[in-house]
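The listed protein sequences correspond, in order, to chains S and U.
Residue numbering for the first sequence follows the working numbering, beginning at -8 and increasing consecutively.
Residue numbering for the second sequence follows the working numbering, beginning at 6 and increasing consecutively.
We put the CB at the ideal spot given by N, CA and C, even for glycine.
Source: prediction; values computed, not measured.
A short worksheet on the structure shown next.
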Amino acid sequence: MSAGLAPSPAADAVAAGRARRGRWLRRYGLAATGGAIVLAWILVAIFATALAPWPYEQVDVTRRLLPPSAENWLGTDLLGRDVFSRLLVGARISLVAGIVVVVVGGLVGTLIGGIAAYAGGRAEEWMMRATDLVMCFPPIILAMAIAAALGIGVTNTILAMLVVWWPKFARLARSLVLVQRNQEYVEAAHVLGFGPARILFRHIVPNAVGPLVVLLTLDVGTAILTFAGLNFLGLGVIPPTPEWGQMVSEGRELVEQWWVATFPGIAILSVVIGFNFLGDGIRDWLDPKSRRR
Amino acid sequence: MFRYLTLRLASMAVMAVLATLIVFLIATQVPADPVLAQLGDLQSADKELVAAYRRKWGLDLPIWQQYLLFLKGLSQGDLGQSISTHRPVLEDIRQYAPATIELATVSFLLAIAISIPLGVLAAVKRDTPVDHLARLVSLIGVSAPTFWLAFIMLAVFYGGLQVAPGPGRLDVTALPPPSWSGLLLVDSARAGQWDTFHDAAAHLVLPSIVLAASIVGLLTRTVRASMLEALAQDYVRVARAKGLRETAIVVRHALPNALVPVVTLGGIAYAILLTGAVMTETIFSWPGLGRYTFRSAIALDFPGIMGITLVVAVVYLVVNLLVDLSYALIDPRVVRR
Chain S
-8 MSAGLAPSPA ADAVAAGRAR RGRWLRRYGL AATGGAIVLA WILVAIFATA
42 LAPWPYEQVD VTRRLLPPSA ENWLGTDLLG RDVFSRLLVG ARISLVAGIV
92 VVVVGGLVGT LIGGIAAYAG GRAEEWMMRA TDLVMCFPPI ILAMAIAAAL
142 GIGVTNTILA MLVVWWPKFA RLARSLVLVQ RNQEYVEAAH VLGFGPARIL
192 FRHIVPNAVG PLVVLLTLDV GTAILTFAGL NFLGLGVIPP TPEWGQMVSE
242 GRELVEQWWV ATFPGIAILS VVIGFNFLGD GIRDWLDPKS RRR
Chain U
6 MFRYLTLRLA SMAVMAVLAT LIVFLIATQV PADPVLAQLG DLQSADKELV
56 AAYRRKWGLD LPIWQQYLLF LKGLSQGDLG QSISTHRPVL EDIRQYAPAT
106 IELATVSFLL AIAISIPLGV LAAVKRDTPV DHLARLVSLI GVSAPTFWLA
156 FIMLAVFYGG LQVAPGPGRL DVTALPPPSW SGLLLVDSAR AGQWDTFHDA
206 AAHLVLPSIV LAASIVGLLT RTVRASMLEA LAQDYVRVAR AKGLRETAIV
256 VRHALPNALV PVVTLGGIAY AILLTGAVMT ETIFSWPGLG RYTFRSAIAL
306 DFPGIMGITL VVAVVYLVVN LLVDLSYALI DPRVVRR
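So this is what it looks like as structure tokens:
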């Protein structure tokens, strides 16, 4: 037997390393990619004005609708503003709106659902009927009606979204608590004489938190999409504040000058993909049933 | 089953009435002033004109009287008169609904035709590149903003390649069929106007692809998950032990059972399609309810917004009821719970 055919220890190590990397990629690749995209956008949002090659609000009608070039990487819009610079600054409002809606909506919904499930009886009945009532409207229609009624402006758009956002968290939290409540460790805590608040926050919440984290992460993506959608419809920021949905809207009839609408859309797509990959990846770790081998 | 049905119907009626209250409160108890929005700054300065306007639309009455008036009108099928189109809202809705129904139906069928095979394939070929690709496609599908996708499709296939017709339901040169159902495909086929039929079908292609994309991701993932569950059942093992071919096992045994949970997506699909319709119709100048909603919202046309929100909510309630009922029919255990 020639030495060349026997697998050398070095080759073994390389093969094992490759297999390890493959396993790592399969297990964490999706979440890592998503996390990297999200992190990149957060950094862009923080340093937007420093990164932007042009002042994002600088209007110059002599340079309107210029195609992408070395000077204006993503071209200029109807008012001659640099699309790339506005796109960077636009990351701020989208991320803030998405995260605020999900965190506040999630907190309110979780509190309502959790308390309802734990309290039971008449209180639960009332809380869940209120939840059903909001949920009997398709979200975007109700949000549009409220946003239109409150008047144009970022705060009002976020408020409108919050009104339609909390119920799904209330339902999820309630069902999670209901499942957990009948578990033995909760009974044990009862027997030990712990109060309901302590049982809810110290025992039940930590156990129910996994699915909530997944939903929260995936939901930031949905919230950013909805926020951009409302802005696209004109129910959002007041111009000239740069916002992606509105930038697409400004360019929606400029089929020839495709860059005006295309790039802000890609920005929305990429940040939403980031959150979806991250949420989906986290779900894989937490839920053994959906875990891929 | 009967008891279940009466219970569900009763709770639905209560919800519908409460929904009218919500809609009414949003439309009246908010800072934005519809009078200002309608009349504009110049005319709003004229006090008499504003007062006359308020009287005309009943905006000067106490709030509860306005609500009772609204309810009374509702009971007679009167959703009020749109402030911006100056026509009864119900008439507006009746005029705009068919365009949306036609678009949504075609999109829904298209989405099903894509996502069921894709979901089944992903489940059967679990953890292979096919599965990963299906997952990637559906994740990207749910991440793409509908209004942007609509623009891209229009820019590429109409503006760039010029292989697809532009916005709208028909070319200006096409002869509209006599209105019967309001669905252009049905009406033109019924009248034997095949040129119009072709034109209407061609106009449907891009918007329905865009709209279908909004639900393909969700449907595919659900089909995959529930197919995986079905494939792990004992009856599949039995079928295998009997020596059935793999295709027969998948299509005849596992698939029908796997589709049961998919039925519950009906309500969500309706809400997503509606959201997508607002965006898609706005870009494609599609004369449907989505664009009507958008225009009413922008103009602060509160009778219009109230009417559409209410109709949409009631249809949503009915869709959810139908979903639950069909689920109860397929799986009788639901009723007993």
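- Task: Buried or exposed for S/Asp210, please, with buried defined as at least 16 other CB atoms from any protein chain shown within 10 angstroms of its CB.
- Result: Along the first sequence, one-based indexing puts residue 210 of chain S at 219. Buried is the call here.
- Task: Taking S/Arg77 as the reference, give the member of S/Leu191, S/Phe38, S/Trp117, S/Val200 with the closest Cα.
- Result: The residue labelled residue 77 of chain S in the question sits at position 86 within the first sequence. When only C-alpha atoms are compared, the closest one is S/Phe38.
- How is S/Thr67 classed by DSSP in three states: helix, strand or coil? In the first sequence, the residue the question calls residue 67 of chain S occupies position 76. Looking at S/Thr67 - three-state DSSP - the assignment turns out to be strand.
- Query: Apart from the five residues on each side of it in sequence, which residues of its chain come closer than 8 Å, Cβ to Cβ, to U/Ser89?
  - Reply: By one-based count along the second sequence, residue 89 of chain U stands at place 84. Closer than 8 Å at Cβ, skipping near neighbours: Gln43, Arg300, Ser301, Ala304, Asp306, Gly309.
- S/Pro197 and S/Leu167: beta carbons closer than 8 Å? Sequence index remark: in the first sequence, residue 197 of chain S carries index 206 (1-based). Sequence index remark: in the first sequence, residue 167 of chain S carries index 176 (1-based). Not a contact, by the Cβ cut-off of 8 Å.
- Interface flag, U/Pro170 vs chain S, CB-CB below 8 Å: Along the second sequence, read from residue 1 onward, the residue named residue 170 of chain U stands at position 165. By this cut-off, U/Pro170 is not an interface position.
- Going by alpha carbons, who is nearest to U/Val142 out of U/Ser112, U/Val221, U/Met284? As a working note, residue 142 of chain U is residue 137 in the second sequence. When only C-alpha atoms are compared, the closest one is U/Val221.
- S/Asp51 (DSSP reduced to helix, strand or coil): To locate residue 51 of chain S, count along the first sequence from 1; it is residue 60. Three-state DSSP puts S/Asp51 in coil, outside helix and strand.
- Task: Using three-state DSSP, classify U/Pro93 as helix, strand or coil.
- Result: Residue mapping note: residue 93 of chain U aligns to position 88 of the second sequence, counting from 1. Strand at U/Pro93.
- Exposed or buried, S/Gln171, counting other C-beta atoms within 10 Å across all chains shown (16 or more means buried)? To locate residue 171 of chain S, count along the first sequence from 1; it is residue 180. Burial call: buried.
- Task: Pick out whichever of S/Leu21, S/Leu207, S/Ala6, S/Phe128 has its Cα sitting closest to the Cα of U/Tyr275.
- Result: By 1-based counting over the second sequence, the position of residue 275 of chain U is 270. Considering only alpha carbons, the answer is S/Phe128.
- How many Å lie between S/Gly26 and S/Val200 at the Cα? One-based indexing of the first sequence puts residue 26 of chain S at position 35. One-based indexing of the first sequence puts residue 200 of chain S at position 209. Going by the C-alpha atoms only, they are around 19 Å apart.
- Query: In angstroms, rounded to a whole number, what distance separates the CA positions of U/Ala56 and U/Asp65?
  - Reply: Position 51 of the second sequence, counted from the start, is the residue given in the question as residue 56 of chain U. Position 60 of the second sequence, counted from the start, is the residue given in the question as residue 65 of chain U. For U/Ala56 and U/Asp65, the distance between alpha carbons rounds to 8 Å.
- Message: Please tell me whether S/Thr253 has its Cβ less than 8 Å away from any Cβ of chain U.
- Response: Taking the first sequence and counting its residues from 1, one reaches residue 253 of chain S at position 262. So yes, S/Thr253 belongs to the interface.
- Where U/His203 falls, given that 16 or more other Cβ within 10 Å makes a residue buried: If you number the second sequence from 1, residue 203 of chain U lands on position 198. When all chains shown are included, U/His203 counts as exposed.
- Task: Can you tell me which of the three DSSP states U/Tyr332 falls into?
- Result: What you label residue 332 of chain U is simply residue 327 of the second sequence in a count that begins at 1. U/Tyr332 falls in the helix class under three-state DSSP.
- Contact set between S/Asp130 and chain U, taken where Cβ atoms lie within less than 8 Å: The count along the first sequence starts at 1 and reaches residue 130 of chain S at position 139. The residue you asked about is not Asp; residue 130 of chain S is Pro in the sequence shown. Chain U residues near S/Pro130: Ala276, Thr280.
- Item | Nearest residue (CA-CA) to U/Leu270, options U/Gln238, U/Thr225, U/Arg245 | Here the question's residue 270 of chain U lines up with position 265 in the second sequence. Selected option, being the one with the closest Cα: U/Thr225.
- Query: Hey, quick one: how far does the alpha helix (DSSP H) through S/Leu169 stretch, first residue to last?
  - Reply: As a working mapping, residue 169 of chain S is identified with position 178 in the first sequence. 145 to 172 is the span of the alpha helix (DSSP H), which, as asked, contains S/Leu169.
- Task: Rank S/Ala161, S/Met135, S/Ala108 by C-alpha distance to the C-alpha of S/Asn173 and give the top, closest one.
- Result: Within the first sequence, numbered from 1, the residue matching residue 173 of chain S stands at position 182. When each option's Cα is compared against that of S/Asn173, the closest is S/Ala108.
- Item | Helix, strand or coil at S/Gly(-5) [DSSP, three-state] | Numbered from its first residue, the first sequence carries residue -5 of chain S at position 4. Note that S/Gly(-5) scores a pLDDT of 48, beneath 50, so its modelled location is shaky and nothing firm can be said.
- Item | Test: S/Leu277 CB closer than 8 Å to a CB of chain U | Position 286 of the first sequence, counted from the first residue, corresponds to residue 277 of chain S. Answer no: the Cβ-Cβ gap between S/Leu277 and chain U never drops below 8 Å.
- Closer than 7 Å, Cβ to any Cβ of chain U: which residues of the region 256 to 272 of chain S, in chain order? Gly256, Ile259, Leu260, Val263, Ile264, Asn267, Phe268, Asp271
- Task: May I ask which residues mark the beginning and end of the alpha helix (DSSP H) holding U/His208?
- Result: Start at 1 with the first residue of the second sequence, and residue 208 of chain U comes out as number 203. First-last of the alpha helix (DSSP H) with U/His208: 199 to 236.
- Inter-residue Cα distance where the pair is S/Leu65 and S/Asp123: Your numbering for residue 65 of chain S matches position 74 in the first sequence. Your numbering for residue 123 of chain S matches position 132 in the first sequence. About 45 Å.
- Message: Let me see if you follow: with CB-CB separation under 8 Å, is S/Arg9 close to chain U or not?
- Response: By one-based count along the first sequence, residue 9 of chain S stands at place 18. Closer than 8 Å: no.
- Which whole-angstrom value describes the C-beta separation of U/Leu144 and U/Leu211, a residue pair presumed to lie in contact below a C-beta threshold of 8 Å? Within the second sequence, residue 144 of chain U is the residue found at index 139, counting from 1. Within the second sequence, residue 211 of chain U is the residue found at index 206, counting from 1. 23 Å between Cβ atoms; not a contact.
- Item | Closest residue to U/Ala127 among U/Val228, U/Ala15, U/Gly82 (Cα-Cα distance) | Position 122 of the second sequence, counted from the first residue, corresponds to residue 127 of chain U. Ranking U/Val228, U/Ala15, U/Gly82 by Cα distance to U/Ala127 puts U/Val228 first.
- Item | 4 or more residues per run - each alpha helix (DSSP H) lying fully within the region 172 to 239 of chain S | 175 to 182, 196 to 223
- Item | S/Pro58, enclosing alpha helix (DSSP H) - first and last residue | Indexing the first sequence from 1 puts residue 58 of chain S at position 67. Segment: none, S/Pro58 is in no alpha helix (DSSP H) and carries neither H nor E.
- Can you tell me which of U/Ile214, U/Glu107, U/Gln198 puts its alpha carbon nearest to the alpha carbon of U/Ser186? In the second sequence, the residue the question calls residue 186 of chain U occupies position 181. Answer by Cα proximity: U/Glu107.
- In chain order, which continuous runs of the beta strand (DSSP E) of length 3 or greater are located wholly inside the region 161 to 191 of chain U? none
- Per DSSP, what kind of secondary structure is U/Gln100 in: helix, strand or coil? Within the second sequence, the letter at position 95 stands for residue 100 of chain U. Residue state, collapsed to three classes: helix.
- Collapsed DSSP secondary structure at U/Gln70 in the structure displayed: Sequence index remark: in the second sequence, residue 70 of chain U carries index 65 (1-based). Of the three classes helix, strand and coil, the one that applies to U/Gln70 here is helix, per DSSP.
- Message: Is there a Cβ of chain U sitting closer than 8 Å to that of S/Ile287, yes or no?
- Response: The displayed coordinates of chain S run from -8 to 284. Any statement about residue 287 of chain S would go beyond what the structure contains.
- With 7 Å as the limit, tell me which residues of the region 302 to 329 of chain U have their beta carbon closer than that to any beta carbon of chain S; keep them in chain order. Ala302, Ile303, Leu305, Ile310, Thr314, Val317, Ala318, Tyr321, Leu322
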